[in-house]
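Just below is one structure, and these are the notes that go with it.
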Amino acid sequence: MRTDIVIKEGERVDDLHRNGYVIIQDPKRFCFGVDAVILSGFARVKKGEKVLDLGTGTGILPILLEGRTKGSHFTGLEIQTKSVEMARRSVALNGLEEKIDIVEGDIKMACTYFGGSVFDVVTSNPPYMNMGGGLQNPSDAKAIARHEVLCTLEDVVREAAKVLRPGGRFYMVHRPHRLTDILCTLRQYGLEPKRLRFVHAFVDKAPTMVLVEAGRGGKPMIQVEPPLVIYRAVGTYTDEIYEIYYGEGQA
Numbered sequence: 006m007r008t009d010i011v012i013k014e015g016e017r018v019d020d021l022h023r024n025g026y027v028i029i030q031d032p033k034r035f036c037f038g039v040d041a042v043i044l045s046g047f048a049r050v051k052k053g054e055k056v057l058d059l060g061t062g063t064g065i066l067p068i069l070l071e072g073r074t075k076g077s078h079f080t081g082l083e084i085q086t087k088s089v090e091m092a093r094r095s096v097a098l099n100g101l102e103e104k105i106d107i108v109e110g111d112i113k114m115a116c117t118y119f120g121g122s123v124f125d126v127v128t129s130n131p132p133y134m135n136m137g138g139g140l141q142n143p144s145d146a147k148a149i150a151r152h153e154v155l156c157t158l159e160d161v162v163r164e165a166a167k168v169l170r171p172g173g174r175f176y177m178v179h180r181p182h183r184l185t186d187i188l189c190t191l192r193q194y195g196l197e198p199k200r201l202r203f204v205h206a207f208v209d210k211a212p213t214m215v216l217v218e219a220g221r222g223g224k225p226m227i228q229v230e231p232p233l234v235i236y237r238a239v240g241t242y243t244d245e246i247y248e249i250y251y252g253e254g255q256a
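Heads up: the sequence shown begins at 6 in the numbering used here, then just goes up one per residue.
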């Protein structure tokens, strides 16, 4: 890990428990959660593939995916300037400048920036909530990360479909109550849902997240995988979650 990267006041450096990688975060803005980590475990990236993460925040998914897969290159697209700057410092801190690019820009313009049919895999941990009541400050970093302030589900899916190569794969984590919207929007833009996995905090609780894989131009058939349970008891991860956080990289 490099020692010449500036850590600013209020920031912290968190251990990612993989390959010695770390990430710079600012608790006053937005810190990654378990959703980003489980998405990195759900996404399948093959040797030599190129990956784009839409709405990368501080770069958590490109860094995790570089650490656990054999993809050749990873790009993160993020609209918030401060998050872009933090992500670039995290990439440099880990010595990954040759493997990861962080691009500042709008998800709605992804195809304009990168061109069509250029990525093998696209990932996204997009804002979950529709615009509506309870949103006090739409310019706040946390609000932008959680609510559809600057982009919608349709924006994310449309641009993912454009930049994916034929046969490419799109991976997303979202909320179960948006599942109908998700599946309909994927098909609308030529991304066929292929895998679903519901995520439960506890085995006896309703799911709080859903993981989705879709293929560009895939045939109609979907596999619903066994549920992913986060905790076996309060404060104690299940074996599978422990493996996603701390386990060995994919073959």
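From the three backbone atoms N, C-alpha and C, an ideal C-beta is built for every residue, glycine too.
Buried/exposed call for residue i, threshold 16 Cβ in 10 Å
i      : result
Gln30  : buried
Pro131 : buried
Gly25  : exposed
Gly81  : buried
Asp209 : exposed
Thr185 : exposed
Val11  : exposed
Glu164 : buried
Pro198 : buried
Asp125 : buried
Lys147 : With a pLDDT of 48 at Lys147, under the threshold of 50, the modelled position of that residue is not reliable, and the figure given next carries that caveat. By the 10 Å Cβ count, Lys147 comes out exposed.
Gly254 : Low per-residue confidence applies at Gly254: pLDDT is 41, beneath 50, and the placement is therefore not dependable, though the value from the model is reported in the following sentence. Exposed, by the Cβ-count rule.
Gly38  : exposed
Ala211 : exposed
Glu277 : The structure shown does not extend to residue 277, since the chain spans only 6 to 256, so no value can be given for it.
Thr128 : buried
Thr241 : exposed
N-terminal and C-terminal residue of the alpha helix (DSSP H) that residue i is part of
i      : result
Phe119 : Ala115 to Phe119
Ile93  : First, the residue type needs correcting, since residue 93 is Arg and not Ile in the sequence shown. Start and end: Thr86 to Leu98.
Ile12  : First-last for Ile12: undefined, no H or E at that position.
Thr190 : Leu184 to Gln193
Arg73  : Ile65 to Arg73
Phe47  : Val39 to Phe47
Residue i - containing beta strand (DSSP E), residue span
i      : result
Glu218 : Pro212 to Arg221
Arg237 : Tyr236 to Ala238
Glu109 : Ile105 to Glu109
Ile28  : Val27 to Gln30
Leu196 : Leu196 to His205
Asp244 : Where Asp244 is concerned, there is no enclosing beta strand (DSSP E), although the alpha helix (DSSP H) it sits in stretches over Asp244 to Tyr251.
For residue i, the residue or residues it bridges with in DSSP
i      : result
Gly167 : At residue 167 the sequence reads Lys, which differs from the Gly that was named. Answer is none; Lys167 lacks a bridge partner.
Ser129 : Leu59 and Met177
Glu123 : Correcting the residue identity first, residue 123 is Val in this sequence and not Glu. Bridge partners of Val123: none, in fact.
Gly81  : Asp58 and Ile107
Gly18  : Looking at the sequence shown, residue 18 is not Gly but Val. Answer is Ile29.
Thr241 : Ala238
Leu233 : Val204
Close-in-space but distant-in-sequence residues of the same chain around residue i (CB under 7 Å, 5 per side omitted)
i      : result
Arg237 : Thr243
Thr190 : Leu158, Glu159 and Val162
Ile246 : Ile235
Phe2   : An answer regarding residue 2 cannot be provided, because it is not within the stretch 6 to 256 covered by the chain.
6 Å Cβ shell around residue i - same chain, five flanking residues per side excluded
i      : result
Met91  : Ile29 and Thr63
Lys75  : Lys52
Lys167 : Cys116 and Gly121
Pro232 : Phe203 and His205
Tyr251 : His22
Proximal residues to residue i (C-beta, below 8 Å), its chain only, five neighbours per side dropped
i     : result
Glu14 : none
Glu16 : Ile29, Gln30, Asp31 and Met91
CB contact below 8 Å: residue i versus chain D
i      : result
Leu216 : In the structure shown, chain D cannot be found, because there is only a single protein chain.
Residue i Cβ short of 7 Å to the ligand GTP heavy atom set
i      : result
Gly240 : This structure lacks the ligand GTP; in fact it carries no ligand of any kind.
Checklist entry - Would you call the region 21-37 and the region 202-213 touching, i.e. three or more CB-CB distances under 8 Å? => result Counting C-beta pairs with one atom in each stretch, the region 21-37 and the region 202-213 have fewer than three that are closer than 8 Å, which means they do not touch.
Next on the checklist: I want to know whether the region 111-125 touches the region 34-49 - three or more CB-CB distances under 8 Å.
Outcome noted: Too few Cβ pairs lie closer than 8 Å, so no.
Checklist entry - Is the region 54-70 in contact with the region 158-178, if contact means three or more CB pairs nearer than 8 Å? => result Here the region 54-70 makes contact with the region 158-178; the two share three or more CB pairs at distances below 8 Å.
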